[in-house]
Every structure is written in structure tokens, then in C-alpha cells.
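This is how it looks when you write it as C-alpha cells:
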């Protein structure tokens, strides 16, 4: 046959219409173009104009069409009719559902509002749900941060007024060396991938510090396969080497950090470890020009990092002296830490030398004059092209808070935070810890809580304790067990409520939190707690209300189901009052709007909360006459004002829709967002682009656009005075005293200078049989449980083997296809294994949340997710093994309460392959049936 | 050269084999940068989305929510572990693979019906689904495993280089690239004309030592791969490294250094 080719249409019509909204296939919140044909979703691509993703889109985002059409979508409100956990429900109307909820919640509010525990898992509307809970009056509200990465968030806020996570980013275009710590497919995933490409394109070098060489670590130029839980030790060894060699930015430290501030150095003084302050309360430094004390913010002051001083007989030294004393110690020398970290001393020194070389020998200046908060002018911006980024890998350990602090200290001594080429904050950060609310605990029946639930305690006086010393909150956040638990402890709610410790509750109300499966430690235990009954036959946790868009494992354990709409069927705002989507150079926020209407009897959860609030007569939601202030969530988004002129959305405010950040509500704001592609963006002025915490132009701009109400420049806190206050209390100083059994833990963990200590489990298991580290990572094509119901994504990650490194693989005589029993002090699982060479030699790992319960997510009961998939969660307890003291010791970071799931240590043994992974649970009856057999999806002709 | 199987002989024996064009005006294809591909699968799913809704039959999924889900994909990412010859740490390489639009495409010459063809103007290899009988010979002949028979439609599916995007006047010009290229977050995928030595893709291949996949197969693939940069090259440093020389030997000496250094600021 000779060459022939048919004529084909190369310019087919792409779609009838493009609707621009915001993705919710994970927490990255990219802009998406939803192509519509005949009123249906035909194709989803990234929005090129959007500040987050600039046109690109990950696998999850592109698979959104399979999510909005997933057979697992809940269809209507439901009331439980079988026993909890059975999955037997009866369909009810919304009126019936809301009446039941009101009948449960109204009497509670009038008598004991704390008996409602309201926790919203992967919520992106916390400023709204928090306001709802505050007006209801319960102290028991949080989202999932305590289970996720509060160590990272809190350490960043307390140290430098902002964190990694999605609150800051490497200066992708100017960094020459980037070091990742424990970063898998976490937040800001598309920006990170885009940044890696740009940084490599510019000839930059990437270090991946991670026990597992996958994803970003696979493309890292240097892989540091560290032993889990020792990152802090490695970081302090780098600090040791840099300090010793004088490779630190003294100018930056002197001007912008509290390292020159004078600290009381008299161990006998009640103020030992506290800063010297003047009468106005300002921290004092020694001015090198005069040799005398001066307020840190005096114009022209030259703070002396090496000063000593006396007031009367009381000696004072600078923070920098304390740092030198601690970190120059041989305790942190590479040779002393190498074995524990699993990195040779020569390699640690080589990395330190490389960092020093790039930070100082490849330093550059930007020709941008700027003025600092003291009024001192700078002709140039000093660049330090070394950037760091970090996430759960260091956060989810019981030493994670101090490790994250250590990493911030490393960034700060290099002078690279908010410097060109380093790490940059995204608005509304930077924001000092003092600029955040403190937590509030005052409960009055029938009235709102006296302020926001969550915040940043600055000393023991800010803890949430009753006069008898017991916790105000059901999760025991903000107690001596974990004083700085800024995100609450969602992972302790069910355990504590079941134990009646600190008290019993009546109603557990949750949103998007798969507690009976992958969002709990100790999954089997949680199922037991949710189904456990008292002697009188009533459930120990009497009532459970749950809202989700999908038939997750948690649905079966609730009494009342409020079905949510999918992300393409609802209104949302990604607000500056919540978790921002800004870029370092721009302030931005965005919306979701119903690009398709639900074809089921479901409602957006936030609109349901508005309805419930009106039925309950909550202040803020009803006027004096009891009438609704907001019709629904969209109405709230446009018309709510958190402060005068400042609402959930910053763009298109004011009557004419032209005000930015501040301005009265604009009734056409939602349409203005839609017309603008679903987002709003305004750029940071050039002279304000770096050194934001101290940059007068930035501070002025931030007030203008409503990020805060007054300028609030501050110093970075390498030394944390709030931590010292807690530590001092543990030493017996002050009126607020911890219980005896927590004194040692507080003395150690609340050290005001970054330290490293062995993780909890390691200490508990020292010399025991559980010696292998076990980790999970999130795959790039899945977001928690959500991906499984997606016909396209589940073909990429349909089951998850336990990856075993070469040494252990050979030691146990494994072959591909083998299974292992994996045990911890808490439990046993039996799972398939697979060999991986690019892995720390004493670490096993698996993908997070692939394993599924039979009957959930509208999957066939024989789905590989249920028969071969598994969760490590069964091996992790929310409590540490009993210490024979009768206490319930949390498996959490002692500073923040962050769930320490990466502390897990296991034993592995080769076993005969079972029929399916163990433990296996009986199927749940699916409330939505099962999906169709085959798909050939095409909505156009 | 391929040897012929009996099946192939029987089919081709009764039909002329399909011919390739003598030359093509352009050689459109992809450069995939293995140094920056993080294996995120964005290209895989974007491709699935576009090509399900567009060119030809939808890319179907059998047993989509069941025990053995199996769907048609035009692009898949494979992950390999590589143990360097020099010793050192094992490395993970993510390797996206789709049709390479070979100059000497055996999938075309083997086609008994003329359904598989290579376009004269741009070199894109396509399947005319109306003429495809689903015999599977082309998939058998492709050394790269880049073709998949759609189980629902019974026709052969393969990468079209998004021929319904790259010339599509209904798309903004900037979007006239394959969907995998448009979506790739790491910027690891590049599209262009390899017949033009001044094109971005030709320059990338020249600068970075772009490689053919399995050149010994003699298929002359148009798509190229950029190899990963050398990894783990940092040399260990002993305590006497000049850049880490201590500024002082004692704590007091350190404070002395500090004083001098601050004075110099």
C-alpha cells in the first residue's frame, strides 16, 4: 500500500465555554479552566493566569472530571438505622436532617456548649467554621493541623513569624542551592515542581534530605538518606561547622534577629533566661557606638552580638553568646552525630562547606534601595542564594518542633530568610507571634466563646486550664502536656471523649475527617471507641454528625450524614483570613463557584452551617430580630466583615469594586472574581519585595491592603522567650506551675534555643526488638483517601507495597511477591513487600492512605486497595506504651501536640502470604451502591 | 530488522504493507528531561483527559471501580532504580513513555489496512480508527510498547502529539502544544520540530546530549530524552577543609574574632 493519509480535523471545537475556578483535588489550590460541553464538564486544565500554578496542573487536578462524576458521591441526607459501623442508613430530607441536628445542638448550647466537639478535617474554610464554633460557644474546635504539620507551622511562627508549608517559598529564580528536608508531595506541590525545574534550569543545585529517594528526592543532585528523627542533629552539626568557621551573616544577625538581645544570666534569678527590657518593655541590646544599652529598634543602633552587661549585680549576655556556647560544643561536631544521623562526618562537613560557599562566595546584591523599621537606609538588598524547604518529614516526629526551630536557626545565621536567593514569605506573612491571637477558653452556656479558639500562647498564663488544673478542651490542647498546640489535637478527640478524660461529650460533629480510617492513629481502636457502648446500652460517644461529599470509611460511624457538594458544585473562598494562596511577590485569594449544579440532593457544608446557625440563633448569623444575616455561604463570603472593611475576599471591594484589601462589601464581588478567572491578585511593591519583617515599605503596604491594622516590624526569635517562660515554670518559677510528672519533659522540650532530643518512641523502645523505622509518604497522584474513588488515579496507585531496603531485604530472604508481618508495640499488620535500593538502610515505608475498607468509596469489595492495600496507622497508637505510672502519655510532640506518626519503629518478619492484607475488616454496606463496570467517558459528540 | 511471525506473515502476505512517506517536512516530537521529571504523573492524566474527550474513541477503563481496573493510556510513567557503576547511592529515575513518532516506524509498515500512517507534513504517526481492525500487529511490532488496544472501542490507541491541539485555531496560540507539555509542572517536557536545527528542542538536545531510546532497534525515534545530570558527586571533606577552618580555637578566641568581625562591618 503506498503512503496515504486521511484528512483529519485539526481545529475541532474545544468546548462551549470555559469556567474558571479553583481546584480541590488537594490543598494546593491551583486555578483551573473547566471546559464545558452541553453543560457538562469535558476537560480540566490549569489556568495560565493563576498565581499558584501558572497553567500547569498535576495528575489529581486533571483527573477532577472523574471526581465530580465519582460513583462514591453521597446523594442525600441520611439517618443511621443499623448499628454504628454497619453502613445501614435511611434517606431523609434536608428539613428532617437539620431538625435533628438542631434538636441535638440547641439544648447543648444552652446548658453545656463544651459537650459539642466540632472538628473539621481537611477544611479550607477555618476562619468561617471557627467563627461558627466560637458563636456556638464550645471551646472544642480545630481542624486537622495537629495531625498534620503543626510543628512546622508553630515553629515557624514562634521563630520568624511565618513557616514553610504554604506560607513561604524558596526564591526560585535566585536560589543557587536548595535543600529539602522531608518533603514529599506535600503542600504547594505544583509550585515546588515548577520551582525545581526553574532552579535546575538556572544551574542551581538541589539537596534532598529524606530517608526515601522518590519524587523530588529522585531529582535531587545530592541525596542525604538520613535516619528518621535525626534531622535536628544533622542541622545542628551544620550550625556547628558554620559558626566555628565564622560563616555566618553577622550583619543580618545583629540587625534583624534577637541574637544581640541581652539575656539574664543569673541562674538564681527568677528572671533567669529572660530578656533585659527598658521601661517601655523594649528589648535591649548594647550599642557598639556607645557601649551602652539601647532599645533594639533605635535609629542607627549597632547591636553588639558579643556584649556582656550588668545591671546592679545581675549579669546579662547576648543570645549570640549562648548560641556560641551551645553549638560550638563538641556535642554537635560532625563526628559526634554522624552515626546517629546515618551520614558520615566527612559528608556533613562537605555539605556545610557547600552551603558556606554558595551563601557567601556566590552572594550578590540587588540594586533596590530600601529603608528598615529603624529608619536606617540600605542602598542594596544583600542576596544569600541558599534556600531551604521542609515539611512533614521533620514535622511528624515528637522532636519536630525543635527540629523545625533548628532549621530556621540555620536559615537565619546564613542571613537567607527574606533575603534575595533565600526563603521568602508570602502575604499575609510575615507576621510576628504577637500579631496572632492567643487561644480563648471562656465558656458561658448560651453565649459565644470569648474569642478565637486557636492561637499562640506566650506563657503559662495563656494555657487553657480549669481552676482544678484539668483541661478546658477535650483534646487537651494548650495544657502542660503540649502548651503550644496552636492547631489543636484532632487525633486525641475520639480517644479522650471515649475515655471521658478530661470529660465526656455529647455530640461529635466532624467535616472531611476520615477518623475511622486513615485520619487516625490506632485505626482499629478508634472504630472500637466509636462503637463502644455504656452499661445502659447507649454509645459512649452518644451522637455523631458527619459531613463529607463522598462515601468515606467514616460515614458508617456517624448517626446523621449531611452530604456535601463536590468542589465543582459549590461556593468557597480561599481567603487571606485562612490559608493563603499568595506568592512572595503578590497578595492573592480565590473562589470556587458552582460550575455545575449538583445532580443530587446535596448542599455545600458551609451553607448548611449557615442554615444551622440561624436555626440555633447564633450571634453573627442572626440579627436582633433573629432573622438570617446571610442566605448562604456565598452571601457570607461577599458580605461578612471580620474587621471594618476587611472580609473573606480582598479583591474588588467597595461600592465600585475597585478597592483592594479594605473597602465595604461589594454585592457584585463574586461575579467580579468569576470574570477575573476565579481569583484576585495584587503585587507587592518592588521596594517591599524582600526583608519584609523589617522593610518599612512592606509594612506600610501591608497596612494599606488590610493584611494588618498597624505596622508590626519585629526581630526573628532565635531565642524564644515564651518557651523560656514555660521552661522556667517547670523549674518552679512563677504562679502557674505544671504537674510534677511533666516538669522534666517541659524542662527539656521547652528549651528556648533549638535543641535535639531522641524521639519519644526511640526512648521508650531503646534496646527493644522494634528497631526499624517505618514511614509513609503521600504519592503525587493521590490526595489522602480521595484519589481511590477516581477511576483514573486508582490505576496509578491501586495498592501499596511495603518498600524494604536492600540490607533488610537480603537479611530476611525476601523475593518480590513475598509478604511480611510488621509489628510494633501496639499491633501487627501483614502486607506485601517490594525491594527498594534508594532507601535508608534501616527504614521501610509505604504510600499513605492507599489501603481502603471494603465497601467504602463505592469500590468493589475485591478492589486491590482493600485486599492488598494497607495502612500503617494500625501500628501507631495515639498514646505511648504504658509507663506503669497510670498516666496516658501522648504519642505527640510535647511542645505542640503534633501527632508523632513518623516516630514509628517496627519489627518485620517474612510470613506465608495470606489471602489478603491483615488486619482485614468486614465490609461496610455501601450507602451509595457500587460504580459502573466500565467507563468510556466522552461528554461531547 | 524484525523477523516476521507467522501471524504477521499471514496478514501481510495478503495485503501490501503500509508505506512510510519518503521524507517529512517537519519532525514534530517531544524532548523529555529525565533530570527534572519527578514522576508526578501529571502528563499521564492530562493526556488521558484530553484524549478521552477528543481525537477518536474515548480512552476507556475496564472494571473501573473493581478488582482489576485496566484502562487505555497513551502515555505512562515508569520508575526505575539505577545502581551507578561507580558504586554510591542507588538512584530513582522516572521515565515517561509514549509513542516516539519514529522516522522508520515499524508500526506503520506492519499495518495490514493502512490505518497506521505517518504524516508527510509533520511526521506524526497516527491511527485512522475507521480503518483499524484492531489486529494488534502494530503494538506487537513497536519495540517501545507505546500502543494500547482500547478494549471498549476495539481500536488501537496511541499518542497523537495532540494533533487536535497543536494546529487548533480555537485554542490560543500559546496552548497549541500537546496537553502533556502544557501541564508538566516541572517543565520537563518540550515540544517542537527536530527538523529545524534552530528550534528550542533541537538546541536542548544539542546542549544536553539528548538521546534516542533503544537506538539499536533502528526505528530512528523522533522523541528524545535528556539524561539526568550526574548525581551524588559531592566529595567528602575532612576537618581541615579551608572553607571550614575554625576562626578560633577557644570560646574566648571566638568572641575576639566576633569583636573584630563586627568592627569591620
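Chains as they are written, first to last, in my numbering: chain A, 1040 to 1980; chain B, 9 to 273. Note that CB positions come from ideal geometry on N, CA and C, so glycine has one too.
Going by beta carbons, residue 252/B and residue 1375/A fall outside the 8 Å limit. Setting aside the 5 residues that flank it on each side, residue 1826/A is surrounded in the same chain by 1832, each with a C-beta closer than 6 Å to its C-beta; the list follows chain order.
With contacts defined by Cβ atoms closer than 8 Å, residue 1184/A and residue 1224/A do not form a contacting pair.
Cβ atoms of residue 142/B and residue 163/B come within 8 Å of each other, at about 6 Å.
If you draw a 10 Å sphere on the C-beta of residue 1241/A, you find fewer than 16 other C-beta atoms in it, and that means exposed. Within 10 angstroms of the beta-carbon of residue 1682/A lie fewer than 16 other beta-carbons, which makes it exposed. Proximity of chain B to residue 1229/A at the Cβ level (cut-off 7 Å) is accounted for by 193, in chain order.
Neighbourhood of residue 127/B in chain A, by CB distance below 7 Å: 1044, in chain order. The C-beta of residue 243/B has fewer than 16 other C-beta atoms within 10 Å across all chains shown, which makes the residue exposed. Using a Cβ-Cβ cut-off of 8 Å, residue 141/B does not count as an interface residue toward chain A, since no Cβ of chain A sits closer than that to its own. Note that the C-beta distance between residue 1134/A and residue 1117/A is not below 8 Å. Within chain A, the C-beta atoms nearer than 7 Å to that of residue 102/B come from 1257, in chain order. Linking residue 1652/A to residue 1548/A through their CA atoms gives a straight-line distance of about 14 Å. In this structure, 1957/A is the residue among 1257/A, 1801/A, 1957/A, 1073/A with its C-alpha nearest to the C-alpha of residue 1859/A.
When DSSP assignments are scanned along the region 36-102 of chain B, the uninterrupted stretches of beta strand (DSSP E) that are 3 or more residues long and fall wholly within it turn out to be 36-41, 83-90. Minimum Cα-Cα distance from residue 1107/A among the listed residues 1473/A, 1592/A, 1540/A, 1636/A corresponds to 1636/A. For residue 1548/A, the enclosing beta strand (DSSP E) has its first and last residue at 1546-1550.
The way I'd put it, the region 1090-1107 of chain A does touch the region 52-64 of chain B; three or more beta-carbon pairs between them come closer than 8 Å. Beta-bridge analysis with DSSP links residue 1061/A to 1070/A. Using a Cβ distance threshold of 8 Å, residue 1092/A and residue 1072/A do not count as a contacting pair. If you look at residue 1147/A, you'll find it in the alpha helix (DSSP H) that goes 1133-1150.
Between residue 1047/A and chain B, the shortest Cβ-Cβ separation is below 8 Å. Residue 1396/A holds the alpha-carbon nearest to the alpha-carbon of residue 249/B among 1228/A, 1187/A, 1396/A. Contact annotation for residue 1050/A against chain B: 172, 175, 176, 177, 178, 179 [CB-CB distance below 9 Å, chain order].
The three-state reading of DSSP puts residue 146/B in helix, counting H, G and I together. Among the bridge pairs identified by DSSP, residue 1884/A is matched with 1814/A, 1842/A.
Residue-level contact by beta carbon holds for residue 190/B and chain A, with a gap shorter than 8 Å. In this structure, DSSP gives residue 1457/A a state outside helix and strand, which the three-state scheme calls coil.
For residue 1925/A, no Cβ of chain B is located within less than 8 Å of the residue's own Cβ. Exclusion of the five residues before and after residue 32/B leaves 128, 131 as the residues of its chain whose Cβ lies within less than 6 Å of its Cβ. Two segments are said to touch when three or more pairs of C-beta atoms, one from each, lie closer than 8 Å; by this definition the region 1192-1206 of chain A does not touch the region 1528-1536 of chain A. In the DSSP assignment, the residues bridged to residue 1918/A are 1929/A. Remark: fewer than three beta-carbon pairs, one from each stretch, lie closer than 8 Å, so the region 209-228 of chain B and the region 1233-1253 of chain A are not flagged as touching.
Going by DSSP, residue 238/B is part of no beta strand (DSSP E) at all; its letter is neither H nor E.
In terms of Cβ geometry, residue 1350/A and residue 1335/A do not form a close pair [threshold 8 Å].
Take the alpha-carbon of residue 34/B and the one of residue 1210/A: they are about 39 Å apart.
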